[in-house]
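This report refers to the structure that appears directly beneath it.
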Amino acid sequence: MARSLLPAAVVAALLAILHTGSVLGHAAFVTGAPGPGDEVVGSPAELVITFSQDLDPSRSSLVVRDSSGAVVAEGGELGEGPREFRLALPELAPGEYEVRWTSFSAEDGELARDAYTFTVVAAASPSPSPSPSTSPTPSPTPSPTPAELSPSPSRVPATPVPSPSAAVGGDGSTSGDGIVVLPILVAALVVGGLLVWLLRRRTA
Numbered sequence: 052m053a054r055s056l057l058p059a060a061v062v063a064a065l066l067a068i069l070h071t072g073s074v075l076g077h078a079a080f081v082t083g084a085p086g087p088g089d090e091v092v093g094s095p096a097e098l099v100i101t102f103s104q105d106l107d108p109s110r111s112s113l114v115v116r117d118s119s120g121a122v123v124a125e126g127g128e129l130g131e132g133p134r135e136f137r138l139a140l141p142e143l144a145p146g147e148y149e150v151r152w153t154s155f156s157a158e159d160g161e162l163a164r165d166a167y168t169f170t171v172v173a174a175a176s177p178s179p180s181p182s183p184s185t186s187p188t189p190s191p192t193p194s195p196t197p198a199e200l201s202p203s204p205s206r207v208p209a210t211p212v213p214s215p216s217a218a219v220g221g222d223g224s225t226s227g228d229g230i231v232v233l234p235i236l237v238a239a240l241v242v243g244g245l246l247v248w249l250l251r252r253r254t255a
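With the numbering used here applied, the sequence shown corresponds to residues 52 to 255, in that order.
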């Protein structure tokens, strides 16, 4: 009974070894930048993936899709070594993106493919710094000196003050004695006229 099970166990072990060897023969994913589940601040300039075996670039490719499924970038080329594959990226808006990679091993001719996602986060905008004021500083107005505030005697026009004793004469001239003499003359004339009238009445 045990002898009959031995060949079956050997065959199963050989099949397991062959299956493991075929899996290990693929150009498997090793690292990515951005990698699976990464959150990138700002749009990355490119996608870089390294694989476990040398690649055949003519049969390997990278495809990047946005959250709606639209292709934003595809293709790729070898990077610094035969196991590095690069793809230039356009400006990516904040959101989730899916990477679909296909690798073709140049060592054993095996094809492998898989997918993962990464997220682009908006970069924080810098706070604007206050700009210095460019308005000119007003120069102080000089205060007037006491000499400038008080008027100069030569600048003040002299106002003539009329004399109270001045009287206008017949020719338009003023006389200081006209105010006193005129009433006396009028009174003398009135008295003289009364005397003449009284004398005439008595002689009549």
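We put the beta carbon where it would ideally sit given N, CA and C, even for glycine.
Query: Are the beta-carbon atoms belonging to P87 and L106 less than 8 Å from one another?; Result: no
Query: Rounded to whole angstroms, what's the CA-CA distance from V123 to P141? Just pull it up for me.; Result: 7 Å
Query: For the beta strand (DSSP E) containing R116, list its first residue and its last residue.; Result: S112 to R116
Query: Use the C-beta contact count for S118: other C-beta atoms within 10 angstroms, 16 or more gives buried, fewer gives exposed.; Result: exposed
Query: G146 and R137 - do their beta-carbons sit closer together than 8 Å?; Result: no
Query: Select from G120, V114 and A79 the residue whose C-alpha is nearest the C-alpha of T101.; Result: A79
Query: According to DSSP, is L129 part of a helix, a strand, or is it coil?; Result: strand
Query: Label G220 either buried or exposed according to how many other C-beta atoms from any shown protein chain fall within 10 Å of its C-beta, with 16 as the threshold for buried.; Result: At G220, the pLDDT of 47 sits below 50, so the modelled position is not reliable; the number obtained from the coordinates is stated separately. Flag for G220 reads exposed.
Query: Roughly how many whole angstroms lie between the Cα atoms of L162 and V115?; Result: 19 Å
Query: Look up L233 in the DSSP assignment and say whether it is helix, strand or coil.; Result: helix
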